[in-house]
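Chemist: In UniProt numbering, each residue carries its 1-based index in the sequence shown increased by 132.
From the three backbone atoms N, C-alpha and C, an ideal C-beta is built for every residue, glycine too.
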Amino acid sequence: VRARAMEVEHSPDVTYEDIGGLEEQMNEVRETVEMPLENPEMFTDVGIQPPSGVLLHGPPGTGKTMLAKAVANETDATFIKMAGSELVHKFIGEGAKLVRDLFEVARDNEPAVLFIDEIDAIASKRTDSKTSGDAEVQRTMMQLLSEMDGFDERGEVRIIAATNRFDMLDSAILRPGRFDRLIEVPKPEAEGREIIFRIHTRGMNVADDVDFGALADLASEASGADVKAVCTEAGMFAIREDRTEVRMADFREAWEKISRDEGTSAGDSL
Ligand code: ATP
Numbered sequence: 133v134r135a136r137a138m139e140v141e142h143s144p145d146v147t148y149e150d151i152g153g154l155e156e157q158m159n160e161v162r163e164t165v166e167m168p169l170e171n172p173e174m175f176t177d178v179g180i181q182p183p184s185g186v187l188l189h190g191p192p193g194t195g196k197t198m199l200a201k202a203v204a205n206e207t208d209a210t211f212i213k214m215a216g217s218e219l220v221h222k223f224i225g226e227g228a229k230l231v232r233d234l235f236e237v238a239r240d241n242e243p244a245v246l247f248i249d250e251i252d253a254i255a256s257k258r259t260d261s262k263t264s265g266d267a268e269v270q271r272t273m274m275q276l277l278s279e280m281d282g283f284d285e286r287g288e289v290r291i292i293a294a295t296n297r298f299d300m301l302d303s304a305i306l307r308p309g310r311f312d313r314l315i316e317v318p319k320p321e322a323e324g325r326e327i328i329f330r331i332h333t334r335g336m337n338v339a340d341d342v343d344f345g346a347l348a349d350l351a352s353e354a355s356g357a358d359v360k361a362v363c364t365e366a367g368m369f370a371i372r373e374d375r376t377e378v379r380m381a382d383f384r385e386a387w388e389k390i391s392r393d394e395g396t397s398a399g400d401s402l
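1. For the ligand ATP, I want to know if Cys320 counts as a neighbour, meaning its beta carbon is within less than 7 Å of at least one of the ligand's heavy atoms.
2. Check whether the Cβ of Asn205 sits closer than 7 Å to any heavy atom of the ligand ATP, and report yes or no.
3. Where in the region 163–202 do unbroken runs of the beta strand (DSSP E), each at least 3 residues long, occur, reported from the N-terminal end onward?
4. What does the alpha-carbon distance come out to for the pair Ile180 and Lys257?
5. Given 7 Å as the limit, tell me if Asp249 has its C-beta closer than that to any heavy atom belonging to the ligand ATP.
6. Nearest to Gly309 by alpha carbon, out of Thr194, Ile291, Val317 and Ala366?
7. Any heavy atom of the ligand ATP within a distance shorter than 7 Å of the CB on Ala294?
8. Among Leu246, Val203, Thr272 and Gly356, which has the Cα closest to the Cα of Arg253?
9. Taking buried to mean at least 16 other C-beta atoms within 10 Å of its own C-beta, is Ile224 buried or exposed?
10. Is Asp341 helix, strand or coil when you go by DSSP?
11. To the nearest angstrom, how far is it from the Cα of Glu326 to the Cα of Glu377?
12. Between which residues of its own chain and Ser397 is the CB-CB distance below 6 Å, once the five residues before and five after are set aside?
13. Is Ala357 near the ligand ATP, in the sense that its beta carbon is under 7 Å from a heavy atom of that ligand?
14. Could you check whether the Cβ of Val317 sits closer than 7 Å to any heavy atom belonging to the ligand ATP?
15. Cβ of Ile151 within 7 Å of any heavy atom in the ligand ATP?
16. Just to confirm my understanding: we take Leu199, look at its own chain, exclude 5 residues before and 5 after, and list those with CB closer than 6 Å. What are they?
17. With DSSP as the reference, please indicate the residues paired to Lys319 in a beta bridge.
18. Terminal residues of the continuous beta strand (DSSP E) containing Thr295?
19. Please find out if some non-hydrogen atom of the ligand ATP comes closer than 7 Å to the beta-carbon of Met198.
20. Per DSSP, Arg313 forms a beta bridge with which residues?
21. Whole angstroms are fine: how far does the CA of Ile315 sit from the CA of Val269?
22. Which whole-angstrom value is the C-beta distance of Arg313 and Val186, which I expect to be below 8 Å?
23. What residues in its chain sit with their C-beta under 7 Å from that of Asp207, if we drop five residues either side in the sequence?
24. Here's the rule I'm using: 16 or more other beta-carbon atoms within 10 Å means buried, otherwise exposed. How should Leu402 be labelled?
25. If we count the other Cβ atoms within 10 Å of its Cβ and call it buried at 16 or more, is Met300 buried or exposed?
26. What is the C-beta distance between Ala348 and Phe329, in whole angstroms, given that I count them as a contact (C-beta under 8 Å)?
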């Protein structure tokens, strides 16, 4: 179970060029995660400690995981991913043990980017902390914080956490020295959507009539993941009609289908 829950990938193939519309976020991630990995002596020379943990927050499918992978790629680091929900176990001490294992793997694979997705699963505000399940979850979080505190300053392991539920987070994890660098990763604006459309159609056989600007305007409210889904679906429409070239009409229909499907499951993302 553990081996499956933990994803370990050396220098993943995602690059900054694959990410659209997150210029500012990218720069911040580079400064806080990449610089300490590549230039640890800069921080010792200046006499400050790099931020311990960076927290990415924003709606699903906006590129948080991509950002973490791109840093690992750029720094030639090992990318280690674990979902917070995987750290929630019913046996006492199990979650804390998993956290220890996680950091051990990270240290054994330095330089490493440790990405903890759905951090809210172990770091939510608790209304009823008396129940045993909650106490166990809290212990898991304490273990995570203590592992972070235990780091030396060289910064060979960088921690990035992500959440879609920023409002739910316990303020304890946002205290100085913890996840004190907050980076909001929002849904893209029209300009960002256009770039993301271009990224995801790079390898596609796109007809001359395809207008990415118009598509970006059409697909308002789309996340990066939605844009990707629209591109794939547009390709499917072409295949169904036995064409190898994907037209504007295919993209329009694809967006209609995707936004309709999203509409029916909108409750899930609320
Ligand atoms: P979640 O909160 O659901 O884990 P996430 O924010 O981590 O989502 P990613 O896993 O990074 O989202 O994105 C999912 C997929 O959507 C990516 O693999 C990519 O194909 C596409 N995508 C999302 N955001 C972007 C973006 N800004 N630029 C290009 N592609 C994107």
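Modeler: Here's the rundown:
1. As written in the sequence, residue 320 is Pro, which differs from the Cys given in the question. At least one heavy atom of the ligand ATP is nearer than 7 Å to the Cβ of Pro320, so yes.
2. No, since every heavy atom of the ligand ATP falls outside the 7 Å radius drawn around the Cβ of Asn205.
3. 185–189
4. 31 Å
5. yes
6. Ile291
7. yes
8. Just to set this straight, residue 253 is Ala in the shown sequence, not Arg. Distance from the Cα of Ala253 is smallest, within the candidate group Leu246, Val203, Thr272 and Gly356, for Thr272.
9. exposed
10. coil
11. Between the alpha carbons of Glu326 and Glu377 lies a distance of about 20 Å.
12. In this prediction, Ser397 has a pLDDT of 48, which is less than 50 and means its spatial position is unreliable; what the coordinates show is noted afterwards. Counting only Cβ-Cβ distances below 6 Å, and skipping sequence neighbours, we find nothing.
13. yes
14. yes
15. Yes, the beta carbon of Ile151 sits closer than 7 Å to at least one heavy atom of the ligand ATP.
16. Val161
17. DSSP links Lys319 through a beta bridge to no other residue.
18. Val289 to Thr295
19. yes
20. Val186
21. 25 Å
22. 5 Å
23. It is Thr, not Asp, that sits at residue 207 in the sequence shown. Same-chain partners within the cutoff: Glu166, Leu169, Glu170 and Pro243.
24. Bear in mind that the predicted position of Leu402 carries a pLDDT of just 37, short of 50, making it too unreliable to give a figure here.
25. exposed
26. 6 Å
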